[in-house]
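Asks: Residue numbers (the numbering used here), protein chains in the order written: chain A, 1 to 373; chain B, 1001 to 1137. Let me begin by handing over the structure; questions about it come next.
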Amino acid sequence: MLNRIHIYLLAVSVILVTLPFVTRGQGVVRTSPNEHAKLRDGQNDFDFEIGTWKTHVKRLQNPLSGSKTWLEYNGITVVKKVWSGKANLVELVMDGPAGHFEGLSLRLYNPETRQWSLNFSNIKSGKLSPSTIGEFKNGRGEFYNQETLNGRAIFVRFFITKITDDSIRFEQSFSDDGGKTWELNWIATDSRVKDSSETQSTQTESSQPSAKERDGQNAFDWEFGNWNLKIKRLKNPLTGSTAWTELNGKVSQRKIWNGKANLAEVSASGGSTNLEFLALRLYNPQTNQWTLNFASSGDGILSVPMFGEFKNGVGEFYDQEMFNGKAILVRFTFPASTSSSGSSEQAFSNDGGKTWETNWINSYTKEEGTPKM
Amino acid sequence: MLHPLTGSTEWVEYDGTSVVRSVMNGKGSLLELQLNGPAGPIEGVGLRLYDPRSRQWSLNWANGNDGVMSTPMFGEFKNGRGEFFDQETYNGRTIYVKNGFWDITSDSARFEQAFSDDGGKNWETNWIMTFKRVKEK
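See below:
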């Protein structure tokens, strides 16, 4: 794209400055708050979907190939609030002739741009697909993306239509000509389940993990439940300053896919700062690596994933990010934990990993009366 | 167009030169663009790479102001028109972007860029360039 002069200022600052939470508000060039004020506020657009649904899916087996072979699945979708409704998590489990399928979608709302992002993963890949982004207009959610299918870059479109309070239709289409023509390849219909006993028999029976998988995929199990949190945060990383601030808050951690993924919701405040963010952690069974994906409720933008694993009870995760306009390395560490206390730390390196400056320390203590999960 | 997707129709004009050379025996090309106009000079490069497996080109732009390579735009030529697409962030919102090359003759071509904020239903053109070949001496 040409004319990137100010586009890049925005892209680098808002999108690529993805440090979990340290850099939010530090050196970030934001669009003026009123810029998108004429657009309608869509923050409650997914509220109708909170609950449990019976799902029927028809999927085109080989999209954009001329084939007309459709596969059918039946399953259960559960949609739960995140951050009291500012975001939501969809868990879908279904079975059909092509096998067993477990997927999730984390939907995040950006209150500045008034767009939602749909962030999908399935249990086999253990990683997030590129965000599909859009908004609701006249009762229909329209979300768009560019992805790669069989090596070619294509457009992806996802429609969500509320039919009644108790039924929803989802349609995915692909376009190989820049959006001129679209081929429908996924139709899902959800019917609300009013009695939760209906769903129990269809809940997932995940296969038993092998010994090797168990090393990795239970790595976060110690963290399930509710925790009190103390945050120590370096005010100005990589400046030589040693001024720290403290925040207090809570972490709640929920299990997804029987432990192969999990979602931590964090809220903390101190002085004039209020933080609300989440971490979606996904386990990739092929690589035995986890990804950590952070987002804050202020902008609903997912960070670049941090990749890593646990060894001897210690987890280390890395990525490369932009900080104050420069590319740096970022490390996130979980030292060994106990069932009643734990910690994690973030550090930056601006010399390719030779030296690290710790700039964020989380200390967790188990909330009184919380059952161990 | 100075302010795309705002309803503004304010345009500015630039004149300049572009130099294109073939790289990797024609599997890629490098365009160097140098423009001058009332809003100041613009320097850019476009590295175009062909993927013979997918038969798609990628256009990779970089601007002299920051030296950062953009998200690649993907597409192909059909019936004498080249169309290339990607999804980017503009003023915070995620939009589709289209680059098109058409009216291609041996000595001239036209380039247009357009943005869509509704998933490709409507496109607003915000950048038009016409190229005329300079005969080598």
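C-beta atoms are modelled at their ideal positions from N, C-alpha and C, and glycine is treated no differently.
Can you pull the chain B residues whose beta carbon is under 8 angstroms from the beta carbon of Glu142(A), in chain order?
Replies: Here the neighbours are Asp1118 and Gly1119.
Asks: Kindly confirm or deny that the stretch 1035-1043 of chain B and the stretch 1076-1087 of chain B touch, where touching means at least three C-beta pairs closer than 8 angstroms.
Replies: No: the two stretches stay apart, fewer than three of their Cβ pairs being nearer than 8 angstroms.
Asks: Say the cut is 7 angstroms; is the CB of Ile76(A) nearer than that to a heavy atom of the ligand GDP?
Replies: Among the components modelled here there is no ligand, and therefore nothing to report on the ligand GDP.
Asks: Tell me the rounded alpha-carbon separation between Ser344(A) and Gln43(A).
Replies: Cα to Cα, the separation comes out at about 31 angstroms.
Asks: Starting from the beta carbon of Thr245(A), find every residue of chain B whose beta carbon is closer than 9 angstroms, and list them in chain order.
Replies: By Cβ distance, chain B contributes nothing, its closest Cβ being about 27 angstroms from Thr245(A), past 9 angstroms.
Asks: Starting from the beta carbon of Arg233(A), find every residue of chain B whose beta carbon is closer than 7 angstroms, and list them in chain order.
Replies: By Cβ distance, chain B contributes nothing, its closest Cβ being about 25 angstroms from Arg233(A), past 7 angstroms.
Asks: What residue range is occupied by the uninterrupted beta strand (DSSP E) comprising Arg1055(B)?
Replies: Element bounds for Arg1055(B): n/a, residue is neither H nor E.
Asks: Going by the beta-carbon positions, is the gap between Met1069(B) and Leu1059(B) smaller than 8 angstroms?
Replies: No, they are not a contact pair.
Asks: Mind checking which residues open and close the beta strand (DSSP E) that includes Pro189(A)?
Replies: For the sequence presented, residue 189(A) should be read as Thr rather than Pro. Glu183 to Arg192 is the extent of the beta strand (DSSP E) around Thr189(A).
Asks: Find out if the Cβ-Cβ distance for the pair Glu91(A), Val78(A) is shorter than 8 angstroms.
Replies: In this structure, Val78(A) lies closer than 8 angstroms to Glu91(A) by Cβ.
Asks: Can you find a CB in chain A that lies within less than 8 angstroms of the CB of Glu1010(B)?
Replies: So, not an interface residue.
Asks: Where Ile163(A) and Glu1124(B) are concerned, what is the direct C-alpha to C-alpha distance, given to the nearest angstrom?
Replies: Going by the C-alpha atoms only, they are around 32 angstroms apart.
Asks: Can you list, in chain order, the residues of its chain with a C-beta nearer than 7 angstroms to that of Ala1109(B)? Leave out the 5 residues immediately preceding and following it.
Replies: The answer, listed in chain order, is Phe1101, Asp1103 and Phe1131.
Asks: How many Å lie between Phe317(A) and Arg281(A) at the Cα?
Replies: Approximately 11 angstroms, taken between the alpha carbons.
Asks: Whole angstroms are fine: how far does the CA of Phe1111(B) sit from the CA of Asp1086(B)?
Replies: For Asp1086(B) and Phe1111(B), the distance between alpha carbons rounds to 16 angstroms.
Asks: Count the other CB atoms within 10 Å of the CB of Trp1057(B); is the residue buried (16 or more) or exposed (fewer)?
Replies: Result: buried.
Asks: Here's the rule: buried if 16 or more other CB atoms are within 10 angstroms of the residue's CB, otherwise exposed. What is Leu39(A)?
Replies: Leu39(A) is exposed by the Cβ-count criterion.
Asks: Below 8 angstroms on the Cβ atoms is my contact criterion, and I expect Asn1063(B) with Gly1092(B) to pass it. Report the Cβ-Cβ distance as a whole number of Å.
Replies: At roughly 19 angstroms, the Cβ-Cβ gap does not stay under 8 angstroms, so Asn1063(B) and Gly1092(B) are not in contact.
Asks: Excluding five sequence neighbours on each side, which residues of the same chain lie with their C-beta closer than 6 angstroms to the C-beta of Val1019(B)?
Replies: The residues are Glu1032.
Asks: Among Leu106(A), Gln289(A) and Thr148(A), which has the Cα closest to the Cα of Ile133(A)?
Replies: Selected option, being the one with the closest Cα: Leu106(A).
Asks: Using a C-beta cutoff of 8 angstroms, does Ala87(A) count as contacting chain B?
Replies: With 8 angstroms as the cut-off, Ala87(A) does not count as an interface residue toward chain B.
Asks: Exposed or buried, Leu1002(B), counting other C-beta atoms within 10 Å across all chains shown (16 or more means buried)?
Replies: With fewer than 16 other Cβ atoms within 10 Å, it is exposed.
Asks: Select from the stretch 143-163 of chain A all residues with a C-beta closer than 9 angstroms to any C-beta belonging to chain B, and list them in chain order.
Replies: Hits within the stretch, in order: Phe143, Tyr144, Asn145, Gln146, Thr148, Asn150, Gly151, Arg152, Ala153, Ile154, Phe155 and Arg157.
Asks: Under 8 angstroms: do the stretch 182-196 of chain A and the stretch 47-61 of chain A share three or more Cβ pairs, one atom per stretch?
Replies: Judged by Cβ distances under 8 angstroms, the stretch 182-196 of chain A makes contact with the stretch 47-61 of chain A, as three or more pairs qualify.
Asks: Using beta carbons (cut-off 8 angstroms, strictly below), is Ile133(A) in contact with chain B?
Replies: For Ile133(A), the answer is yes, since a Cβ of chain B falls inside 8 angstroms of its Cβ.
Asks: Could you tell me the alpha carbon to alpha carbon distance between Leu108(A) and Tyr1096(B), rounded to whole angstroms?
Replies: If I take the Cα positions, the gap works out to 20 angstroms.
Asks: Please classify Trp116(A): does DSSP put it in a helix, a strand, or coil?
Replies: In the structure shown, Trp116(A) sits in a strand (DSSP, three-state: E or B).
Asks: How would you list, in chain order, the residues of chain A whose beta-carbon sits under 8 angstroms from the beta-carbon of Lys1098(B)?
Replies: Near Lys1098(B) (Cβ distances below 8 angstroms), the residues of chain A are Gly178.
Asks: Any Cβ of chain B within less than 8 angstroms of the Cβ of Thr181(A)?
Replies: Chain B, which has no Cβ nearer than 8 angstroms to the Cβ of Thr181(A), makes this no.
Asks: Exposed or buried, which one is Asn88(A) when buried takes at least 16 other CB atoms within 10 Å?
Replies: With 16 or more Cβ atoms within 10 Å of its Cβ, Asn88(A) is classed as buried.
Asks: Assuming the contact rule is C-beta atoms closer than 8 angstroms, Gln253(A) and Ala264(A) should be a hit. Round their C-beta distance to whole Å, please.
Replies: Confirmed, Cβ separation roughly 5 angstroms.
Asks: Per DSSP, which residues does Ser343(A) bridge with? Please list them.
Replies: Answer is Ser363(A), bridged to Ser343(A).
Asks: Report the CB separation of Asn228(A) from Glu367(A) in whole angstroms; it is logged as a contact under 8 angstroms.
Replies: Yes, they are in contact, since the Cβ atoms of Asn228(A) and Glu367(A) sit about 6 angstroms apart, within 8 angstroms.
Asks: Using the three-state DSSP reduction, which class does Glu368(A) fall into: helix, strand or coil?
Replies: The answer is coil: DSSP assigns Glu368(A) none of H, G, I, E or B.
Asks: Hey, could you find the ends of the beta strand (DSSP E) Leu104(A) is sitting in?
Replies: Element bounds for Leu104(A): Gly99 to Asn110.
Asks: Would you call the CB atoms of Ser121(A) and Ser129(A) closer than 8 angstroms?
Replies: For Ser121(A) and Ser129(A), yes; Cβs fall inside 8 angstroms.
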